[in-house]
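Residue numbers for the sequence shown follow this note's numbering, beginning at 18 and rising by one. Scroll down for the structure; my scribbles are underneath it.
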Amino acid sequence: LILVCNCNKHSTKCRFNLELYKMSGHKSGGVCIDCQHNTAGRSCQYCRESFTRDLTQPMTSVNACQGTCTCNNHSQQCRFNKELYLLSGRKSGGICIQCKHNTVGRHCSYCKETFYRDPDLPITHPQICKGNQ
18 LILVCNCNKH STKCRFNLEL YKMSGHKSGG VCIDCQHNTA GRSCQYCRES FTRDLTQPMT
78 SVNACQGTCT CNNHSQQCRF NKELYLLSGR KSGGICIQCK HNTVGRHCSY CKETFYRDPD
138 LPITHPQICK GNQ
């Protein structure tokens, strides 16, 4: 049995996973180890949590996963928006998703409707948005 891994050029190490091999119809059981360049996943095919996928680059590029999203500690997930990336002068294309703590917006920097921002707390505080009383 020859172990072949497709790590999208983000790792040179992999291990064999028998269950994965069986599920793939005995075609592939390789799992990449120590994905680099802010990538993750069985084949280093995703961006690590809090990093955005630069869709202008192939997944095999060292620049495929760009800097962290600025979600003010209210989300660990973001997606890449090519139009926003180009409008920003190719600096930032990250849009936060699943904002928590009653926040919304591209950077989770606004309060949801019917909530107001506490002026005494930093934007990163989990209780930044208070409900109307």
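Even for Gly, the Cβ is constructed at its ideal location relative to N, Cα and C.
Problem - Status (buried if at least 16 other CB within 10 Å, exposed otherwise) for isoleucine 145 - result: The sequence position of residue 145 within the sequence shown is 128, counting from 1. Answer is buried; the Cβ neighbour count reaches 16.
Handout entry: histidine 142 versus cysteine 64 - alpha carbon distance
Key = Sequence index remark: in the sequence shown, residue 142 carries index 125 (1-based). Sequence index remark: in the sequence shown, residue 64 carries index 47 (1-based). The C-alpha of histidine 142 lies about 26 Å from the C-alpha of cysteine 64.
Practice task
Please confirm if the stretch 71-87 is in contact with the stretch 102-116, defined as three or more CB-CB distances below 8 Å between the two stretches.
Solution key: With a cut-off of 8 Å, the stretch 102-116 and the stretch 71-87 count as touching, because enough Cβ pairs lie within range.
Problem - Same chain, Cβ closer than 6 Å to lysine 39, five either side skipped, listed in chain order - result: As a working note, residue 39 is residue 22 in the sequence shown. Within the same chain, lysine 39 has no close Cβ partners at all.
Exercise for the section: Using DSSP bridges, identify the partner residues of isoleucine 50. Expected result: Locating residue 50 in the sequence shown gives position 33, counting from the first residue. BP columns for isoleucine 50 point to Lys30.
Exercise for the section: Take glutamate 66 and list the residues in its own chain whose beta-carbon comes closer than 8 Å to its own, dropping the five residues that flank it on each side. Expected result: Along the sequence shown, one-based indexing puts residue 66 at 49. Correct list, in chain order: Ala57, Gln93 and Gln94.
Problem - Cβ distance (whole Å) where asparagine 34 is taken to contact valine 48 below 8 Å - result: What you label residue 34 is simply residue 17 of the sequence shown in a count that begins at 1. What you label residue 48 is simply residue 31 of the sequence shown in a count that begins at 1. Taking the Cβ atoms as the reference, asparagine 34 lies roughly 5 Å from valine 48, within the contact range of under 8 Å.
Problem - Whole runs of the alpha helix (DSSP H) within the stretch 50-119, excluding any shorter than 4 residues - result: As far as the stretch 50-119 is concerned, its whole alpha helix (DSSP H) runs of at least 4 residues are 99-104.
Problem - According to DSSP, residues forming a beta bridge with valine 21 - result: Here residue 21 corresponds to residue number 4 of the sequence shown, with the count starting at 1. Beta-bridge partners assigned by DSSP to valine 21: none are found.
Practice task
Have a look at threonine 29 and aspartate 51 and give me their C-alpha separation to the nearest angstrom.
Solution key: In the sequence shown, residue 29 corresponds to position 12, counting from 1. In the sequence shown, residue 51 corresponds to position 34, counting from 1. Straight-line Cα distance between these residues: approximately 8 Å.
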